[in-house]
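Working notes for the structure below.
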Amino acid sequence: MENSNMQFAGEETVMAPEPRKRPKFLKILCIISFAGLGFKFISGAIGLVATLLLSSRMSAFSQSEEMGRMMGLQGEDVMAKVNFLNIINNITVMVFSLVSLLGVFLMWKYKRSGFFVYTVSRIISLLVLIFVSIQTLNLMGSGTMGEVTTITTIVRTIGTVVLGIAFIIMYALNLKHLKPEEPVSHI
39 MENSNMQFAG EETVMAPEPR KRPKFLKILC IISFAGLGFK FISGAIGLVA
89 TLLLSSRMSA FSQSEEMGRM MGLQGEDVMA KVNFLNIINN ITVMVFSLVS
139 LLGVFLMWKY KRSGFFVYTV SRIISLLVLI FVSIQTLNLM GSGTMGEVTT
189 ITTIVRTIGT VVLGIAFIIM YALNLKHLKP EEPVSHI
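Taken in order, the sequence shown gives residues 39 to 225; the numbers are from my numbering.
Below, the structure is given as structure tokens:
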């Protein structure tokens with residue numbers, strides 16, 4: 039029986055490079071991001087469907103005389119604008135969750151470009167969230183429901199922005215483990 043690991047005189051043995059050991063901090067960040075962004079995408083999809091269903095029901099309901107008297111023309115207009123903002127927000131959440139997932143996947147593969155894809159995607163997503171939140175607050179006005187909406191919107195927005203910035207900073211701390219891509223030569 040012949041041993042396949044046997045070295046013969048004059049032959050060079052080439053050792054395969056040992057696989058890189060992924061730093062625990064980067065590994066944990068990526069796993070949390072995969073789960074969180076996947077959940078965020080699903081939440082955006084559910085939110086989009088719910089908003090579209092609510093919009094169609096609200097338009098049918100507002101055509102009734104009773105609803106017209108209760109809401110008035112102004113209330114119907116406000117609801118239409120809030121629904122539009124929710125649609126924009128949910129689409130943004132879905133698109134930028136996928137782009138952020140791409141960035142996390144690239145970082146998982148030790149590619150530095152993943153950090154920049156992730157960072158730009160998260161910043162744009164956070165800016166859209168801030169814009170939509172401000173517009174929603176302006177539309178909702180005051181009153182009991184307005185106060186509840188205001189507090190909820192402010193807490194949600196601040197929490198999301200702080201968490202988003204924290205993840206960008208934590209990924210930046212791991213840049214030393216990520217490789218820049220090799221330039222592509224066009225020969």
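C-beta atoms are modelled at their ideal positions from N, C-alpha and C, and glycine is treated no differently.
- Contact between Thr195 and Ser171 holds, since their C-beta atoms are separated by about 4 Å, short of 8 Å.
- Relative to Val166, the option among Ser94, Asn128, Leu92 and Val116 whose CA is nearest is Asn128.
- Just so you know, the alpha carbons of Leu64 and Met117 end up roughly 43 Å apart.
- Taking C-alpha positions only, Leu140 is separated from Ala204 by approximately 19 Å.
- Contact between the stretch 57-72 and the stretch 142-150 is present: 3 or more CB-CB pairs across the two stretches fall below 8 Å.
- Spanning the alpha carbons of Leu123 and Gly202 requires a straight line of approximately 21 Å.
- DSSP places Arg160 inside the alpha helix (DSSP H), whose first and last residues are Ser151 to Met178.
- Inter-residue distance for Ser71 and Ile162 is about 17 Å (C-alpha atoms, whole angstroms).
- Within the DSSP secondary-structure output, Lys217 pairs in a beta bridge with Lys149.
- Just measuring C-alpha positions, the residue of Ser138, Asn121 and Phe134 sitting nearest Leu177 is Asn121.
- Apart from sequence neighbours up to five positions away, the residues of its chain that approach Thr187 with a beta-carbon distance below 8 Å are Thr174, Leu175 and Met178, ordered along the chain.
- One Cα belongs to Thr190, the other to Glu219, and the distance between them is close to 42 Å.
- Non-local C-beta neighbours of Thr198 in its own chain, meaning closer than 8 Å and more than five positions away in sequence, comprise Leu164 and Leu167, ordered along the chain.
- The straight-line gap separating the alpha-carbon atoms of Ile80 and Phe134 is approximately 12 Å.
- Taking each of Met132, Asn212 and Gly152 in turn and checking the Cα distance to Gly74, the smallest one comes out for Met132.
- Look at Leu90 here: in three-state DSSP terms it is helix.
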